[in-house]
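**Student:** Taking UniProt numbering, the leading residue of the sequence shown gets 1, the next gets one more, and so forth.
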Amino acid sequence: MNRMLLVLDLDETLMHASRSLKVEPDFRMWEYRVKVRPHLKGFLELAFEHFDVGVWTSSSADYAWIAVQHLFEDPGQLKFIWARERCTYCWDEEVQDFVWAKRLHKVKSRGYRLERTLVIDDSPEKFRTAYGNLIRVTPFEGDADDQELVRLGCYLLKIRDHRDVRRLEKRNWHQQI
């Protein structure tokens, strides 16, 4: 079976960036102080071993590139690094606001099958048209005791061979580990 594609968000998923971070930052980008989510290194090792991995953020391309350089030991392993330019700015009826939506047909046009594509993001409104592909993580805001990526790694190993991830119930994934 072909490798599943894992699409990772950056902000509040792999890291937390703030102008007024209360703890010592792991790195800085312009005026932002950035804290890396705990256990990221081990999670990425697992991800690259078992999945194709891409990054898709609704932040700017410059922001994404700098963050990726800090977060990933070898950014060349990533299948793609996409930023806001690949998002669609649209009205979201549920949140009553405009959002930068991430339309998965763009991943499909790169040859990936949607039934074998998972997106890891803290913002479900960005994937309204592909909710079946989403694993929603708890937003990371700098907690040093955060265990989300450890749990997520266990869950991903459990489901990695599933034929169609869109059919899996993932809303309560924490309880399925």
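Quick reminder that beta carbons are idealized off the backbone N, C-alpha and C, glycines included.
Go ahead and pull the three-state DSSP assignment for A83.
**Tutor:** Three-state DSSP puts A83 in coil, outside helix and strand.
**Student:** Do K108 and R86 have their C-beta atoms within less than 8 Å of each other?
**Tutor:** The answer is no: Cβ separation not under 8 Å.
**Student:** How many angstroms separate the CA atom of K124 from the CA atom of R136?
**Tutor:** Position check: residue 124 holds Pro in this sequence, whereas Lys was assumed. Their backbone Cα atoms lie some 7 Å apart in a straight line.
**Student:** When the distance is taken between beta carbons, is E141 closer than 8 Å to H16?
**Tutor:** Contact flag set, yes.
**Student:** Just to confirm, are V7 and T117 a CB contact at a threshold of 8 Å?
**Tutor:** Their beta carbons are under 8 Å apart, which means V7 touches T117 by this criterion.
**Student:** Compute the beta-carbon to beta-carbon distance between A64 and T57, rounded to the nearest angstrom, for a pair I have assumed lies under 8 Å.
**Tutor:** So it is a contact: roughly 5 Å between Cβ atoms.
**Student:** For H16, report the span of its beta strand (DSSP E) as first-last.
**Tutor:** It spans 15-18 - the beta strand (DSSP E) in which H16 sits, taken as one unbroken run.
**Student:** For I177, does the three-state DSSP call read helix, strand or coil?
**Tutor:** The answer is coil: DSSP assigns I177 none of H, G, I, E or B.
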